[in-house]
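Down below is the structure, laid out as structure tokens.
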Amino acid sequence: RAVGLAGRMPYFMHFHKAGGTTLCHNARVVNNLNAPIRNCNLPGDGPRTLNSGLQGMGNRDLTCAARLAYLNQHCIHFFAKERWADDSFCTDTFMYLTVLRDPIKRIESNCRFEKVQPGKALNWLQTTHLPEERVYLGTAAVDNFYIRSLCGHDVFHLPAGSIDRSHLEFAKQQLLQFEVVLILEELSSGMVQLEKMLHWKMPKKEDEKQSFGSGDVSIQFTEAQRSTLRERNALDIELYEFARVRSRLISEAVARANPSDFAAPHYAAVSKSRECQTSYRNWADAEQRRKQRQLEEGRARKRAAAKTAAKNLPK
Numbered sequence: 029r030a031v032g033l034a035g036r037m038p039y040f041m042h043f044h045k046a047g048g049t050t051l052c053h054n055a056r057v058v059n060n061l062n063a064p065i066r067n068c069n070l071p072g073d074g075p076r077t078l079n080s081g082l083q084g085m086g087n088r089d090l091t092c093a094a095r096l097a098y099l100n101q102h103c104i105h106f107f108a109k110e111r112w113a114d115d116s117f118c119t120d121t122f123m124y125l126t127v128l129r130d131p132i133k134r135i136e137s138n139c140r141f142e143k144v145q146p147g148k149a150l151n152w153l154q155t156t157h158l159p160e161e162r163v164y165l166g167t168a169a170v171d172n173f174y175i176r177s178l179c180g181h182d183v184f185h186l187p188a189g190s191i192d193r194s195h196l197e198f199a200k201q202q203l204l205q206f207e208v209v210l211i212l213e214e215l216s217s218g219m220v221q222l223e224k225m226l227h228w229k230m231p232k233k234e235d236e237k238q239s240f241g242s243g244d245v246s247i248q249f250t251e252a253q254r255s256t257l258r259e260r261n262a263l264d265i266e267l268y269e270f271a272r273v274r275s276r277l278i279s280e281a282v283a284r285a286n287p288s289d290f291a292a293p294h295y296a297a298v299s300k301s302r303e304c305q306t307s308y309r310n311w312a313d314a315e316q317r318r319k320q321r322q323l324e325e326g327r328a329r330k331r332a333a334a335k336t337a338a339k340n341l342p343k
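One point on numbering: in my numbering, the residue at position 100 of the sequence shown is 128, and numbering is uninterrupted.
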């Protein structure tokens, strides 16, 4: 039986293009929680900040204790991780929550958002391509992405076609450690989990679906291409169905429970203090400046690369 947050911090595992932006919006905007500025991802936990982690690539060296200390130092009350799972779960420190969607729809959405043509995506199923800094590109993004993500860094980076039933079973065990499991296609009925266990306000209609846009909507998979995706992602589809059942069971149990079964978040009493808000505001401002510097550096690299390419053109 779920017991709510009590003295723990919510830890959101955000599967890329599976509804995480909606959850982040509801945390930060609807429920006024202090959260990181980059789609609620801490530095090193987001898909575009893996190289700027707090401790190691993708925060691989960041312990649960160090993570919690960092959150408390900067008065952060909700955060996300948009990459593979950590090597261990710390359920005494964090309450884990996640959202999944139909695996094939997630792949199609990812390809439109990241401007990946279907032919290229299908090629990644045959020819291994694993860019270390880009969880949203390459083989892992189209080959049993959920299982790879839940099984951690090493499994995430296995070659194409390597995921088997042993990985599926391990991913199921990992998913059982999540106390909040939501399904994007069934989000309205699952929100009771957040209402009861995290003491969240329920979203208005306009807050139920948030995103950074659909991407290139001209990118469309044929039914034959979808059939290939379904065949190669059969284990991920099985995991998704497992998650759907678990989500319904959690929602039903939570709906039957008494409100007193779920302790209020421990940070509720301090989150509105002047000291807390000043600490968070200073941190968020510094992160915004760092984000801007990184964007400018990225643009400068692209300009330099284009200039070099132009010089190398045959005259």
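Just so it is clear, CB atoms sit at the ideal spot from N, CA and C, and this is done for glycine as well. Quick caveat: nothing in here was measured; it's all calculated off a predicted structure.
L33 is not a Cβ neighbour of M219, given a cutoff of 8 Å.
Taking 8 Å as the cut-off, the Cβ atoms of L204 and V127 do not count as close. Secondary structure within the stretch 242-286: the alpha helix (DSSP H) runs of 4 or more consecutive residues, fully enclosed, are 251-260 and 262-284 (chain order). In the structure shown, the three-state DSSP call for Y164 is coil. Per DSSP, the unbroken alpha helix (DSSP H) holding V183 starts and ends at H181 to F184.
In the three-state DSSP reduction, N340 falls in the coil class, being neither helix nor strand.
Residue environment: K330 is assigned as exposed (fewer than 16 neighbouring CB atoms within 10 Å of its CB, all protein chains considered). Residue nearest to W228 within the set N138, H42 and L51 is L51 (criterion: CA-CA distance).
For H42, the uninterrupted beta strand (DSSP E) segment begins and ends at M37 to H42. Setting aside the 5 residues that flank it on each side, Y39 is surrounded in the same chain by F122 and Y124, each with a C-beta closer than 6 Å to its C-beta; the list follows chain order. The beta carbons of D73 and K143 sit no closer together than 8 Å. Taking C-beta separations shorter than 6 Å and ignoring five residues to either side along the sequence, the partners of P64 in its chain run L70 and F107, following chain order. Less than 8 Å divides the Cβ of A113 from the Cβ of G180.
Sequence-distant partners of L90 (beyond 5 residues in either direction) whose C-beta falls short of 6 Å from its own C-beta, in its chain, are L82 and Q83.
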